[in-house]
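Below: the structure, in structure tokens.
Residue numbers (my numbering), protein chains in the order written: chain A, 617 to 1355; chain B, 617 to 1355.
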């Protein structure tokens, strides 16, 4: 009996112990997360708030002040010093690693002992007019050495002499008008073009194609002065003695002209200068409007159409050459600029991702400037610096992003996006496999009106969401979000009731990442009011007058605009790096593709007979866009139902989002432009600055009415429609379930 | 006191309960796997054994019997019927999905009402000799219709007439010898070349470059008869009336000649025939050796060097033209072949991966045959069919691979790898992002001696491991592994004490996957003894005599050789799809790169003065290979210490392994060959069949002593060394820790 009881007790004990252990087991089993990396969305968004709040206007002011005291042209000692300083401070801010990455690229400098200038020469060979050799130095900078005078980088040497022809902006359509309507042939002439509307390299290319022996570019007040604004230093307009520096290459994304497709390392094979990519074959030189008056005022020939007239008090006659009284005078260019392989330095800093170290989010902007570069690029570099500082602060509080963040300070952007392109070439395989997005950090301000964003469609939604979490920097808008401030000022009326977002063109360092490699990309800056301010860029662009004071006195005295831009750029990087699911929106890509397909079809429909005659149809493209739209909708529906606790399922869908932009890349490139490989977005062949959608079709349609071989031209349109169709179709396939 | 005791008891209870629950919690916590997908290596290798054992010789025999009864040329009804039958049976075997994927590609067929032939015409215009219009049909197939007569696919139409010149194998070096040593110019002549040594398309290209107006190719017994073997049907040698069909394109990986770079869909733009890729510009025709004797026996001109003599009882004089007595006779080609855009069908079957459905392992081989194709390709198709059947059996037992397996039956391989290339173009983005490996399944047997494997270096280790788990199919080798049997017969003496593995060249469907897209690839088949059997390919290659009986009677009566090949191909696919860590070995790539770098440097060192004069150095390449070697060693060390319980860490390292092969792809392609993009492996420009390492450098060095512009030629060598250096360096970077 006792024994029995004891054994019953024992059984009870066993039961209780087992029950308790089992209970614990069950709790333990379920308490343990399926994966330790399940994102803590809450913590991430709290850190985002801290990150945005950490960025400070006075810090940005200090960064800008520090890095604009001296000229720091690419390839000079001073720009290396700034690179080293960036490196040192980024290390102090707390990045995991920072390194200088050098390349040896082709740069171009004026000859110090033989200055460049333009002269008017009389019949006896006397130089009766000579353009200025430098810009008047702004107050406070009189003792600064190494200010490079205005020049056109990569101009060949030469002293062409001849009659001048005025070619307006030097656009394709200007040369067409000159040849077809005015009947003027510029072969053997020197052309003079006003700056503005298109990239200067395109003007040079057009002049070469037209047969000119030299090209002069000048800043007309019509294009480089804002109404009611005084010239610098009393205002932010370009003074008459100021001129716009700039490279005149036609690289089409090649990077270093001597090593297209490959990084310019020590061992790298360099082609000869004759085989270099995009180097102009005729002398080029830029001047200010004081000098321009002297060259233009005695011009003869036809009177110009109204839209060829600038704002100078001259006739803007076309030429060729001068009026009767000055008929024997010729213009002579005196150019002694040297091309030179020179070492440049990118600064590359990294924060290692905690969960997916092999996924890269890149924030990059250039550091090299023509002179002080307070706007271009240092307003952007200061913002980048502040972003790095703020990220470092977060790291010290225990935060670490899910993915790896790469910060880049590029060199030699002004010489053709060289630093960023060489690094992209150097790391092409890693970037293709691993890069999630690239955000550009060039000039953060070009006006005082509102935000400007150019980005790939998949970033639209995130840009809107983010700007709702940032405050307007404008006075009197306390409590107003940046989104609302921006929306009010620049509503995207025709497309949707939301702030306007534009397509990416080119002209800055995102180019290789977006257009060559197909990495989702965007840029953001503060801008002018495009409806009322019609000048090109900003007036003192690429002149010696881009000083710290220009920003501090005129563009952003409170530095709150720059702070807002820092928050946008930084916030994008943060969310791309830290969200468990990538904040990329394929549906927005579908919407944009639909719009672009409509637009390009409309462009073709301007030639209804030809379309019928050559059987040109956009049906296949529309059908591909419809498939893409279905695929993206279904993709996002699946994303809603994703088991976020399964790290592989999350990774698989994130990979689909990451590789979506890559799907638009055609390794064969656009016709004649092997390094422009994005079938949806590329600059027009006629203006590097202008981003076109379906650029292959767009270029094929350009001036097709005047084609010498219409059948061949329309065949090319059809071929391009077929390529676009295939590309959109292939992109849709990347969004369907993988098996 | 009692109360105290009671509370002590209570405390004890709490302690015990807590301890027990905690114990349970701890057990539960640690008992739960970090991720439910942690691979069960044991189960996987048990399933591998079952998979290999499932494959049956008599099943393969049955498959081969079933699919070789009728001719099934690409684009014909019969080949579509076989496609439908494959689809139906694959579905029955249990694949998750099977579909027919059509493309509309350029094919080429003889004109049924105007047969092709070659004649000798006398001075009066009488045809005194005419070659045969068809091969004698083998016994048992007399009633079969739709046997296409021997022809050269894609030959243009034409009736060139002229003197014959014998050009040996028509290799680059043969034409050099002809021009430089014999002083014979073939401009305006018809050349006659013997088949063998190189791809026939290269012979045609060489003839065109040399100025010939037509080219005849014949099968010489020296190259298409094995010693002591009787002609079919009494043995497996080529009868005198047999001839080798084949396409004569120079596509260099372009796929469909009219849609290079893009899939040949309904909407796809097609270039004109004049702009088509790789189409020959002169008539081409193949003949057997009975006909060849008639054309060659009266040839005049120089006596041939000894190595130009074949095994026919004729003089093999070079020409041009006939001896004195026949001087007035000319040769005339009568070719009426038509190019025609035709629908073809790939069969694509899938097994969805359980854990990583977005990782693809592909087993693909073609189905189209010139006639019955019992060796080429149906020996491979039968093996593929058996692999699918065995995989289906495994699925029914509850197995599902970690990754997705794709089975492909390609169409129109014989017309330029068209089916496989179009599908690769169609799916390029998906494959680039997701494909782990491609195993080819063309002809599974070409001899009776031992195994032959050509594959990328990273597959070497797996091939060795796997063949140790497969039995030798040879009689008298019971209990001997395939590895040992192979090792004994073909030791890779100079490289290592292991069976020989060769480089991939081209000539089969792996081309687009490996050389264009950079997907790790390999092929395996049973082969002859290369040391003693000197004939090209196998004697009846591409003739009507490739019947079921040929295999059943001579090549593999027990079908155990084909079974062994099935086990190799299937086993590779199985392990690539099911291993938790990808069984790819970067160290083997390092070893091979080192060897290739040595070889190519040695090739250059044949010109010691030039190397000095033009400062050609391979140091950068050697240094890059050393970096790659370090990176791969360290990678595999990290792999040893990997936490296999962390699914993301596993995925990250697998991704590095998967993308390693991709790192060798240059999107710019090899010079003049935009679709050959693999910098380490590509066919020689002089022979599509021959895989060369560092093909860019190899081609630049080819015949450099006779270069017209030596400086430029050596500059190109330097440029290619630079590209190779960069590529190896970039590949090394992909193996380093990602951040």
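Note that the Cβ used here is the ideal one computed from N, Cα and C, for glycine as well.
For residue 972(A), the uninterrupted beta strand (DSSP E) run begins and ends at 972 to 982, by DSSP. Within the same chain, Cβ atoms closer than 7 angstroms to the Cβ of residue 813(B) are found at 785, 787, 1152, the five residues on either side in sequence being excluded. Among the bridge pairs identified by DSSP, residue 725(B) is matched with 954(B). In the three-state reduction of the DSSP assignment, residue 946(B) falls in the strand class, which pools E and B. Non-local C-beta neighbours of residue 1082(B) in its own chain, meaning closer than 6 angstroms and more than five positions away in sequence, comprise 1187, ordered along the chain.
What residue 902(A) touches in chain B, judged by beta-carbon distance under 8 angstroms, is nothing: the nearest beta carbon there is about 34 angstroms away.
For residue 1350(B), the neighbours in chain A by C-beta distance under 8 angstroms run, in chain order, 1045, 1046, 1049.
DSSP places residue 629(A) in the helix class (H, G or I) of the three-state scheme. The DSSP-derived three-state label of residue 776(B) is coil. Taking the Cα of residue 839(B) as reference, the smallest distance to any Cα among 856(B), 828(B), 826(B) is reached at 856(B). Scanning the region 1096 to 1145 of chain B from its first residue to its last, the whole alpha helix (DSSP H) runs of 4-plus residues come out as 1098 to 1105. Boundaries of the alpha helix (DSSP H) harbouring residue 1335(B): 1326 to 1351, taken from the DSSP string. Counting only the Cα atoms, residue 841(A) lies some 13 angstroms from residue 1148(A). Judged by DSSP in its simplified three-state form, residue 1037(B) adopts helix. With the criterion set as a beta carbon lying under 7 angstroms from some beta carbon of chain A, the members of the region 1228 to 1252 of chain B are 1236, in sequence order. Among the residues of chain B, none has a CB under 9 angstroms from the CB of residue 664(A); the nearest is roughly 21 angstroms distant. Chain A places no beta carbon closer than 8 angstroms to that of residue 1018(B), leaving this residue out of the contacts. DSSP places residue 1211(A) within a helical segment (H, G or I) once states are collapsed to three.
Within a 10 Å sphere around the beta-carbon of residue 981(B) sit 16 or more other beta-carbons, which makes this residue buried.
By alpha-carbon distance to residue 1098(B), the top candidate from 1165(B), 1054(B), 1180(B), 1063(B) is 1180(B).
Pairwise C-beta distances place the region 677 to 696 of chain A out of contact with the region 742 to 752 of chain A, as fewer than three of them are shorter than 8 angstroms.
For residue 1020(A), the uninterrupted beta strand (DSSP E) run begins and ends at 1019 to 1026, by DSSP. Residue 1074(B) is a Cβ neighbour of residue 1276(B), given a cutoff of 8 angstroms. Residue pairing by DSSP places residue 1271(A) in no beta bridge whatsoever. Of the residues assessed, residue 1109(A) falls on the exposed side of the cut-off, its CB having fewer than 16 other CB atoms within 10 angstroms.
Residue 1226(A) has a beta carbon lying at 8 angstroms or more from every beta carbon in chain B.
Counting C-beta pairs closer than 8 angstroms gives three or more between the region 796 to 814 of chain A and the region 930 to 944 of chain A, which meets the contact rule. Per DSSP, reduced to three states, the secondary structure at residue 716(B) is strand.
Using a CB distance cut-off of 8 angstroms, residue 1023(A) does not count as an interface residue toward chain B.
The three-state secondary structure of residue 746(A), taken from DSSP, is strand. Here the alpha carbons of residue 1339(B) and residue 1003(A) stand approximately 37 angstroms from one another. In the three-state DSSP reduction, residue 708(B) falls in the helix class (H, G or I). Interface annotation, residue 1139(A): not in contact with chain B, CB-CB separation never under 8 angstroms.
Taking 8 angstroms as the cut-off, the Cβ atoms of residue 873(B) and residue 892(B) count as close. Per DSSP, reduced to three states, the secondary structure at residue 1322(B) is helical. Note on geometry: alpha-carbon atoms of residue 1007(B) and residue 667(B) lie some 7 angstroms from one another.
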